[in-house]
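Structure first, commentary second.
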Amino acid sequence: MFFSRKLEAFMAVVENGSLSKAARVMNRTTPPIAKSIKDFETSLGKRLFKREKFGMTLTKDGQELYNDLRDLYLQEKEITKKHFTGYIVNEANIYYDWGKENFLINLYQAANKNNVQINILRFNYEEVDEIVDYDGNTLILSSQPVVSERFSLQRKIENASLGIFCRSELYQKHQHNIMALLKNCTWLCDPAFYKSNLMGELLEKVELEGNKASVRQMDNISSCQSFLQVGDFIAIIDCYPEHEIADNLLQYIPLNSIIDECSCYIYKSKSHSSVLNRFMDTIDDLGQGVA
Numbered sequence: 073m074f075f076s077r078k079l080e081a082f083m084a085v086v087e088n089g090s091l092s093k094a095a096r097v098m099n100r101t102t103p104p105i106a107k108s109i110k111d112f113e114t115s116l117g118k119r120l121f122k123r124e125k126f127g128m129t130l131t132k133d134g135q136e137l138y139n140d141l142r143d144l145y146l147q148e149k150e151i152t153k154k155h156f157t158g159y160i161v162n163e164a165n166i167y168y169d170w171g172k173e174n175f176l177i178n179l180y181q182a183a184n185k186n187n188v189q190i191n192i193l194r195f196n197y198e199e200v201d202e203i204v205d206y207d208g209n210t211l212i213l214s215s216q217p218v219v220s221e222r223f224s225l226q227r228k229i230e231n232a233s234l235g236i237f238c239r240s241e242l243y244q245k246h247q248h249n250i251m252a253l254l255k256n257c258t259w260l261c262d263p264a265f266y267k268s269n270l271m272g273e274l275l276e277k278v279e280l281e282g283n284k285a286s287v288r289q290m291d292n293i294s295s296c297q298s299f300l301q302v303g304d305f306i307a308i309i310d311c312y313p314e315h316e317i318a319d320n321l322l323q324y325i326p327l328n329s330i331i332d333e334c335s336c337y338i339y340k341s342k343s344h345s346s347v348l349n350r351f352m353d354t355i356d357d358l359g360q361g362v363a
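Those letters in the sequence shown? Residues 73 to 363, by this note's numbering.
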C-alpha cells in the first residue's frame, strides 16, 4: 500500500464499520488500528468518528475527508494491485431475486460501455450473507429490504412495475376487472416471487373473500407464451414486455391499484470499488418514468 498506515486504517474502518472488522480485513489486531485512528484525529485536530455501541460512524469532518480521499484511494488500490500482482479486477457481480429484466439490461449495457465484465446471478434472501463480494464489486437488486452488515442501501426505486401479462381477449372476457382475472385464472410466476412478501400481499387480497388462487411456479416466465396464448393463464411479472406485445394479442395490466407498494431496493457493497463506480450513474437513471 502506498497510503500511510493512518489513512489505510481510516478507510478500512469506514468500509467495515468497526475497529474489530477493519483489523480482521487488514490482518492486524484492534489496538494498533485504534491507535492509528486516534493519532490521525490528533494530527488533524478533528474528530473523524462517532463511537457507538455497535460500531463507528463518520462525523461531518470525517465524511468530508472520506469524500476527498475516496477516488484517490480507489485509484491507489488498482495501482497497487497492478504493480504487485500484475492483475486488475475488471468485473462486477449483480445479484437479483426475481424479475428486474429491464434494470438488468440497462446495467449490463452500461457495464459493457465501460469495458466491465458483468456477472448476473440469483440470490435467496436467506443466503444474502453467503454472497461473494470480491473487492466490493457487488450490487444487489431486491424487491424487499435486505439485512446485511456488508451491503448498504444505495437507492430505493418506488412504484416499480408489477402487473399481469395475458391475452387481451381474456381481459375482455372478465370485463376488464383485474380482481376477476386474478380470482378465475391460473397464475404463472417466478419461484422467488412466489416466496416473496409481495406475493403474500397479493394472495391475501385475492383470497380475502374465500377464493383460492391457483398458482404455478415457472423458472422462466419468458418461455410461458404457449400457456398464455391458450387457456385461462396469466403471468405475474415486474416489467412491461414491450417487445412481446406488439401484435396486441397479449396485454400488460399494471397492478398498482391492487398492491400498496412495489419497490426495487438497490444495495451496494460497503467495500469500495472503482469498477462499479464506472457506471454507478446508471443507477440514478433506473426506474425513470415508471408510474
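For each residue, glycine too, the CB sits at the ideal point set by N, CA and C.
Annotation note: the stretch 263 to 320 contains the following uninterrupted beta strand (DSSP E) runs of length 3 or greater, listed N- to C-terminal: 286 to 289, 305 to 309.
Rounded to whole angstroms, Gly134 and Phe121 show a C-alpha spacing of 6 Å.
For Glu163, the enclosing beta strand (DSSP E) stretches over residues 163 to 168. Assignment of Met128 by DSSP, reduced to helix, strand and coil, places it in the strand class. Under DSSP, the beta-bridge partners assigned to Cys238 are Gln323.
The stretch 178 to 197 makes no contact with the stretch 325 to 338; the number of CB pairs closer than 8 Å stays below 3.
A direct Cα-Cα distance of roughly 37 Å separates Cys257 from Gln226.
Under the three-state reduction of DSSP output, Gln226 falls in the strand class. As the crow flies, the alpha-carbon of Arg119 is around 6 Å from that of Glu113. Segment contact: the stretch 237 to 246 against the stretch 287 to 307, three or more CB-CB distances shorter than 8 Å; contact assigned.
Nearest C-alpha to Ser215 among Gln289, Pro326, Ser108, Met271: Met271.
Using a Cβ-Cβ distance cut-off of 8 Å, the stretch 217 to 225 and the stretch 174 to 188 are not in contact, since fewer than three pairs of beta carbons, one from each stretch, lie closer than that value.
The beta carbon of Leu327 lies closer than 6 Å to those of Leu234, Gly235 in the same chain, with the five residues before and after it left out. Counting every other CB atom within 10 Å of its CB across the protein chains shown gives Val219 a total below 16, marking it as exposed. Taken in chain order, the unbroken stretches of beta strand (DSSP E) that lie wholly in the stretch 172 to 197 and span 3 residues or more are 189 to 194. Taking all protein chains in view, the Cβ of Val85 is crowded by 16 or more other Cβ atoms within 10 Å, so the residue is classified as buried. The C-beta separation of Asp201 from Ser341 comes to about 13 Å, leaving the pair out of contact by the 8 Å criterion. The secondary-structure analysis by DSSP pairs Leu260 across a beta bridge with Arg288, Ala307. Residue pairing by DSSP puts Leu213 in a beta bridge opposite Tyr168, Ile338. Here Tyr312 is actually not in contact with Ile212; their C-beta atoms are around 23 Å apart, not less than 8 Å. The shortest C-alpha to C-alpha distance from Lys255 to any of Asn99, Val278, Gly117, Ile309 is the one to Val278. Approximately 24 Å separates the beta-carbon atoms of Ile229 and Trp259; this is outside 8 Å, ruling out the contact. For the pair Phe82 and Asn209, the Cα-to-Cα distance works out to about 20 Å.
Spanning the alpha carbons of Val287 and Asn349 requires a straight line of approximately 40 Å.
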